[in-house]
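S.K.: Numbering (the numbering used here), first residue to last: 5 to 368. The beta-carbon is built from N, C-alpha and C at its ideal position, and this holds for glycine as well. This one's a predicted model, so the numbers in the text were calculated from it and none came from an experiment.
#1: Give the single residue among 333, 157, 218 and 249 whose Cα lies nearest to the Cα of residue 116.
#2: Closer than 7 Å by C-beta to residue 222: which residues in its own chain qualify, once you throw out the five before and the five after it? Chain order, please.
#3: Just checking: is the beta-carbon of residue 127 within a distance shorter than 8 Å of some beta-carbon in chain D?
#4: Looking at the strands, I want to know which residues DSSP matches up with residue 28.
#5: Given a threshold of 16 other Cβ atoms within 10 Å of its Cβ, counted over all protein chains shown, does residue 277 qualify as buried or as exposed?
#6: Select from 79, 259, 119 and 45 the residue whose C-alpha is nearest the C-alpha of residue 92.
#7: Residue 110 to residue 155, Cα distance in whole Å?
#8: Excluding five sequence neighbours on each side, which residues of the same chain lie with their C-beta closer than 7 Å to the C-beta of residue 238?
#9: Touching or not, the stretch 80-100 and the stretch 51-64, by the rule of three or more beta carbon pairs under 8 Å?
#10: Between residue 246 and the rest of its own chain, which residues show a CB-CB distance below 6 Å, the 5 nearest in sequence each way excluded?
#11: Tell me whether the beta-carbon of residue 124 lies closer than 8 Å to the beta-carbon of residue 87.
#12: Would you identify the three-state DSSP class for residue 139, choosing helix, strand or coil?
#13: Can the beta-carbon of residue 362 be found less than 8 Å from the beta-carbon of residue 251?
#14: What would DSSP say about residue 250, mapped onto helix, strand or coil?
#15: Opposite residue 68 in the DSSP bridges: which residues?
#16: Quick one: what's residue 226 bridged to in DSSP?
#17: Is the beta carbon of residue 148 less than 8 Å from the beta carbon of residue 241?
#18: Of all the options 160, 144, 170 and 261, which has the alpha carbon lying nearest to the alpha carbon of residue 339?
#19: Once the 5 residues before and after residue 302 are set aside, which same chain residues still bring their CB inside 7 Å of it?
#20: At the level of alpha carbons, what is the spacing between residue 162 and residue 132?
#21: How would you write the range of the beta strand (DSSP E) that residue 358 sits in, first residue to last?
#22: Give the C-beta separation of residue 105 and residue 231 to the nearest angstrom, bearing in mind that I take them to be a contact with Cβ-Cβ under 8 Å.
#23: What residues in its chain sit with their C-beta under 8 Å from that of residue 142, if we drop five residues either side in the sequence?
#24: Could you round the C-beta distance between residue 345 and residue 29 to whole angstroms and report it? I think they count as a contact, below 8 Å.
#25: When you compare only the Cα positions, how much space is there between residue 370 and residue 224?
#26: Helix, strand or coil, according to DSSP, for residue 37 in the structure here?
#27: In three-state DSSP terms, what is residue 58?
#28: Since residue 180 and residue 70 are thought to touch, with beta carbons under 8 Å apart, how far apart are those beta carbons, to the nearest angstrom?
#29: Classify residue 129 as helix, strand or coil using the three-state DSSP reduction.
#30: Taking the alpha-carbon positions, what's the residue 216 to residue 367 distance?
#31: Please report how far the alpha carbon of residue 269 lies from the alpha carbon of residue 260, in whole angstroms.
#32: According to DSSP, simplified to helix, strand and coil, what is residue 85?
#33: According to DSSP, what are the bridge partners of residue 179?
#34: Do you know how far the Cα of residue 113 is from the Cα of residue 66?
#35: Going straight from the alpha carbon of residue 336 to that of residue 101, what length do you get?
#36: Residue 136 to residue 176, Cα distance in whole Å?
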């Protein structure tokens, strides 16, 4: 088993070495000046935001400050740990796409910024302070620039509607509401079944939150589509990317026992059947289905319903012509290797090894 793992690490290094002959990786670890700049920029931004936290209820004010403090500390930690990729060309490209959307919709550009995270999850999010974060993993899913632009439009929609701010405020009101406080006190008085009652209360709150979040996603789709239409890009891209998000938790490729044997034996390593008798898959714990847990409360819920709603507004304008300029194609071409580099540089050796084996299998 030890020799097999050493062989796997050898293949990973070989594949990384091969990839570096064909593209230049964006190395976040070397972006010290960028990290310092981002840190200073967001500390200043957060100070401004914190001065605007005003509420008459002292309990609500305390909770609001705690929530914002946790969110801000978490974001600054991401900057410190090089989570954001400081590639001049790629960041400029994304910022120009955002500027196009903002300009054509008469939205102040100075209120918005786009950042690229090395997170491999197919996703993007709005932080509530005008920042849109694009996970690098999104480049593995988008097939053209139009799909990427719709994602940015959707996240701008969240910001335009102040969804993050209103969600924080709603949670604060709920936490200090007389109804929740009374129910919590009642549960504490119970001699038996406290855990069950507390669990039921949490499920009720989570379901309410899910319903509200689902509504917010539909709202962001609606206004995001309105923003997107102003760019005169193909509306079908909105439907296509939502369909991909709907399947984002499903692994499109995997490594079978036969694949493991073929890869390792081709490179001179002896593979014994007992390795696979001990585990259904040698690297099963690194399978994406385990890495990305399927969650019905995911940040982009119920994509099928959202697709149907969008189709009502674009069914007469659908076509197959999408924008894919060279700048997009260059990023897309290198996305699998860059994603592998991101995982490896983040010291996520298990999943990077698993992804390397998949790439190696497809090259053979």
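M.R.: In terms of the structure at hand:
#1: Numbered from 1 along the chain shown, position 112 holds the residue referred to as residue 116. That would be 157, whose Cα lies nearest to the Cα of residue 116.
#2: Position 218 of the chain shown, counted from the start, is the residue given in the question as residue 222. 310 and 313, listed in sequence order.
#3: Annotation note: the requested chain D is absent from the structure, which comprises a single protein chain.
#4: Within the chain shown, numbered from 1, the residue matching residue 28 stands at position 24. Per DSSP, none; premise fails for residue 28.
#5: Here residue 277 refers to the residue found at position 273 of the chain shown. By the 10 Å Cβ count, residue 277 comes out exposed.
#6: In the chain shown, the residue the question calls residue 92 occupies position 88. Of 79, 259, 119 and 45, the residue nearest in Cα terms is 119.
#7: Counting from one through the chain shown, the residue named residue 110 turns up at place 106. Counting from one through the chain shown, the residue named residue 155 turns up at place 151. About 19 Å.
#8: To locate residue 238, count along the chain shown from 1; it is residue 234. For residue 238, where only same-chain residues beyond five positions count, the Cβ hits under 7 Å are 150, 323, 325 and 326.
#9: no
#10: The sequence position of residue 246 within the chain shown is 242, counting from 1. The residues are 307, 310 and 311.
#11: Taking the chain shown and counting its residues from 1, the one referred to as residue 124 is at position 120. Taking the chain shown and counting its residues from 1, the one referred to as residue 87 is at position 83. The answer is no: Cβ separation not under 8 Å.
#12: Here residue 139 corresponds to residue number 135 of the chain shown, with the count starting at 1. Here residue 139 sits in strand by DSSP.
#13: Your numbering for residue 362 matches position 358 in the chain shown. Your numbering for residue 251 matches position 247 in the chain shown. Against a cut-off of 8 Å, the Cβ pair of residue 251 and residue 362 comes out as no contact.
#14: As a working note, residue 250 is residue 246 in the chain shown. In this structure, residue 250 counts as helix in the three-state DSSP scheme.
#15: Translated into the one-based positions of the chain shown, residue 68 becomes position 64. Note: residue 68 sits in no beta bridge, so no partner.
#16: Residue mapping note: residue 226 aligns to position 222 of the chain shown, counting from 1. Paired residue(s): none; residue 226 is not in a bridge.
#17: In the chain shown, residue 148 corresponds to position 144, counting from 1. In the chain shown, residue 241 corresponds to position 237, counting from 1. Going by C-beta atoms, residue 148 is nearer than 8 Å to residue 241.
#18: What you label residue 339 is simply residue 335 of the chain shown in a count that begins at 1. Checked all of 160, 144, 170 and 261; the closest Cα to residue 339 is 144.
#19: To locate residue 302, count along the chain shown from 1; it is residue 298. Caution is warranted here: a pLDDT of 43 is assigned to residue 302, below 50, making its placement in the model unreliable, and the coordinate value is therefore given only provisionally. Cβ within range, chain order: n/a, list empty.
#20: Position 158 of the chain shown, counted from the start, is the residue given in the question as residue 162. Position 128 of the chain shown, counted from the start, is the residue given in the question as residue 132. So the two alpha carbons sit approximately 8 Å from each other.
#21: Position 354 of the chain shown, counted from the first residue, corresponds to residue 358. Where residue 358 is concerned, there is no enclosing beta strand (DSSP E), although the alpha helix (DSSP H) it sits in stretches over 353-367.
#22: Residue 105 sits at position 101 when you count from the first residue of the chain shown. Residue 231 sits at position 227 when you count from the first residue of the chain shown. At roughly 6 Å, the Cβ-Cβ gap stays under 8 Å, so residue 105 and residue 231 are in contact.
#23: Looking up residue 142 in the chain shown gives position 138. The answer, listed in chain order, is 126, 127, 128, 152 and 155.
#24: The residue given as residue 345 occupies position 341 in the chain shown. The residue given as residue 29 occupies position 25 in the chain shown. Sure, about 4 Å apart at Cβ, within 8 Å.
#25: Since the first residue of the chain shown is 5 and the last is 368, residue 370 is not available in this structure.
#26: For the purposes of this step, residue 37 is identified with residue 33 of the chain shown, where counting begins at 1. Residue 37 falls in the helix class under three-state DSSP.
#27: As a position in the chain shown, residue 58 is number 54, starting the count at 1. Coil, per DSSP.
#28: By one-based count along the chain shown, residue 180 stands at place 176. By one-based count along the chain shown, residue 70 stands at place 66. 12 Å between Cβ atoms; not a contact.
#29: In the chain shown, counting from the first residue as 1, residue 129 sits at position 125. Residue 129: strand per DSSP, three-state reduction.
#30: Sequence index remark: in the chain shown, residue 216 carries index 212 (1-based). Sequence index remark: in the chain shown, residue 367 carries index 363 (1-based). If I take the Cα positions, the gap works out to 45 Å.
#31: Here residue 269 refers to the residue found at position 265 of the chain shown. Here residue 260 refers to the residue found at position 256 of the chain shown. Each residue's alpha carbon lies about 14 Å from the other.
#32: For the purposes of this step, residue 85 is identified with residue 81 of the chain shown, where counting begins at 1. Reduced to three states, the DSSP call for residue 85 is coil.
#33: The residue you call residue 179 lines up with position 175 of the chain shown. Paired residues: none, contrary to the question.
#34: Along the chain shown, one-based indexing puts residue 66 at 62. Along the chain shown, one-based indexing puts residue 113 at 109. The straight-line gap from Cα to Cα measures roughly 32 Å.
#35: As a working mapping, residue 336 is identified with position 332 in the chain shown. As a working mapping, residue 101 is identified with position 97 in the chain shown. Going by the C-alpha atoms only, they are around 16 Å apart.
#36: Stepping through the chain shown from its first residue, residue 136 is reached at position 132. Stepping through the chain shown from its first residue, residue 176 is reached at position 172. Going by the C-alpha atoms only, they are around 24 Å apart.
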